[in-house]
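The structure appears below as structure tokens.
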Amino acid sequence: MGLLDKEFSEDNIVIAKVEDLMNWARLSSIWQLGFGLACCAIEMMATSASHYDFDRFGVMPRNTPRQADAIIISGTVTLKMALRIKRLYEQMPDPKYIISMGSCSNCGGPYWEHGYHVLKGVDRVIPVDVYVPGCPPRPEALLEGLLKLQEKIRNESLRKKSA
Amino acid sequence: MKTPEEIYELLKKEFGEAILTLDKALPVEPIVLVDPLQIHKVALFLRDNEELKFDSLMCLSGVDDANGERVKDEDGTESIKGGTLSVYYHLYSIPLKHKITLKVSTSRENPEVESVESVWKTADWHEREAFDLIGIRFLHHPDLRRILMPYDWEAGHPLRKDYKNPEFYQGMKVPY
């Protein structure tokens, strides 16, 4: 029987740390910017579709950077696109998170040597929180990446860091 | 349906000097060599002649022949002086079911080829790609801009055999 089924008979108080509550709320409703680049984007779409169902973790694609918490860089980042990605990232509100999905986005992938047009890792323009390896990664790998990101958010602290 | 030899004879009769030779030495289909500054006239004839009807430009590719002299630069890398750049045109006639390959060669230092965009619209993007990656200038092309690389890419044309990647582009490090 779930907590809400018990029906509180009187007014009740739940005691929790603000930090835990905030982090829990944030990690349970990650809105990711709907954004795909290459083959990895197909896997990302499959992850959102019913078979793997990203939604069950509260992940929902949002087609505006201004209301998105996370961006999944899924695929080959060309130099031409890198500037656009950077602009999109800057338009997102804080706090914001980045999942780099697939070899191309992580390090240039198969284009690392002769790909004159490919950025050798998206972390050269924006800071990455979670790297998902694979070429392309299977949806399970992206789900794992998301769980890693949730873990990271769960352990975040609101306290000012002392020197 | 016509053989490449018959098509070559027709072209030679019509244009004479503009049609250079028929190259059958390569282990591929025969190639008609054409003067780069006459190619649009030849293309128009190939499209509109009743016996030829080449209504489809299947592919247009720029090629760096890299047949010039290799010169050592100060920084130890090689660059190529002289030689040619080429453009290949693969044509197909949908009603008559025959095909032909054309080739034009132009100098590496001043690569100029007449555009066939006005003959086959599909040549528009193909020529922009050849311009972007090899650096061949297509005369009378209506909109000869880069198509794949960024518009402000200043490091030259990446598919040239002596191309050197820049260290940085817009503050982003390019090499691995």
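Heads up: the protein sequence lines correspond to chains Y and E, in order.
Taking our numbering, I'd label the letters of the first sequence as residues 24 to 186.
Taking our numbering, I'd label the letters of the second sequence as residues -1 to 174.
Positions of the beta carbon are idealized from the N, C-alpha and C atoms, including for glycine.
Contact between Y:Y139 and E:P109 does not hold, since their C-beta atoms are separated by about 20 Å, which reaches or exceeds 8 Å. In the three-state scheme derived from DSSP, where H, G and I count as helix and E and B as strand, Y:H140 is classed as coil.
Interface flag for E:V61 against chain Y is unset, since no Cβ pair is found closer than 8 Å. Under a 10 Å Cβ-count criterion, Y:M67 is classified as buried, with 16 or more other Cβ atoms of the shown protein chains found around its own Cβ.
Within the DSSP secondary-structure output, E:K101 pairs in a beta bridge with E:L31, E:Y86. Annotation: Y:V145 has no Cβ neighbours in chain E at a cutoff of 8 Å; minimum Cβ distance is about 10 Å. Taking C-alpha positions only, E:V102 is separated from E:V30 by approximately 9 Å. Excluding five sequence positions before and after Y:S51, the CB atoms of its chain that fall closer than 7 Å to its own CB belong to G81, given in chain order.
From the beta-carbon of Y:G131, the residues of chain E found nearer than 7 Å are Y174.
For the stretch 43 to 72 of chain Y, the continuous alpha helix (DSSP H) assignments of 4+ residues that do not extend past its boundaries occur at 62 to 71, in sequence order. Looking at the DSSP output, Y:I122 bridges to Y:I95, Y:V153. Against chain E, the beta carbon of Y:V148 has neighbours under 8 Å at M170, listed in chain order.
Y:E167 has its alpha-carbon roughly 43 Å from the corresponding atom of E:A128.
Residue pairing by DSSP places E:P164 opposite no residue, since no beta bridge is assigned to it. With 16 or more neighbouring CB atoms inside 10 Å of its own CB, E:A121 falls in the buried class.
Residues of the stretch 41 to 72 of chain Y with a C-beta atom less than 9 Å from some C-beta of chain E do not occur. E:S91 carries a coil assignment under DSSP once its states are collapsed to helix, strand and coil. According to the DSSP assignment, Y:E163 belongs to the alpha helix (DSSP H) that extends over 162 to 177. If you draw a 10 Å sphere on the C-beta of E:E112, you find 16 or more other C-beta atoms in it, and that means buried.
Residues of chain E whose Cβ lies closer than 8 Å to the Cβ of Y:E136 are, in chain order, Y174. Residue state for E:F52 is assigned as coil, using DSSP reduced to three classes. Taking a Cβ-Cβ threshold of 8 Å, the residues of chain E close to Y:H140 are L146, M147, P156, in chain order.
Here E:V69 carries a strand assignment [DSSP, helix/strand/coil]. Inter-residue distance for Y:V153 and E:R135 is about 45 Å (C-alpha atoms, whole angstroms).
In the three-state reduction of the DSSP assignment, E:E125 falls in the helix class, which pools H, G and I. If the five residues before and after E:A64 are omitted, its C-beta is found closer than 7 Å to the C-beta atoms of I78, G81, K159, all from its own chain and listed in chain order. Taking 8 Å as the cut-off between beta carbons, the residues of the stretch 86 to 112 of chain Y near chain E are L102, K103, A105, L106, in sequence order. Ranked by Cα distance from Y:R85, the first of Y:S73, Y:G98, Y:L111 is Y:L111. Non-local C-beta neighbours of Y:M45 in its own chain, meaning closer than 8 Å and more than five positions away in sequence, comprise L181, ordered along the chain. Under the three-state reduction of DSSP output, E:I37 falls in the helix class.
Pairing Y:V148 with Y:A105 gives a Cβ-Cβ distance under 8 Å. Rounded to whole angstroms, the separation of the alpha carbons of Y:M115 and Y:K175 is 19 Å. In terms of Cα proximity to Y:S123, the closest of Y:C62, Y:Q55, Y:I96, Y:L165 is Y:I96. At a cut-off of 8 Å between beta carbons, E:N163 contacts chain Y.
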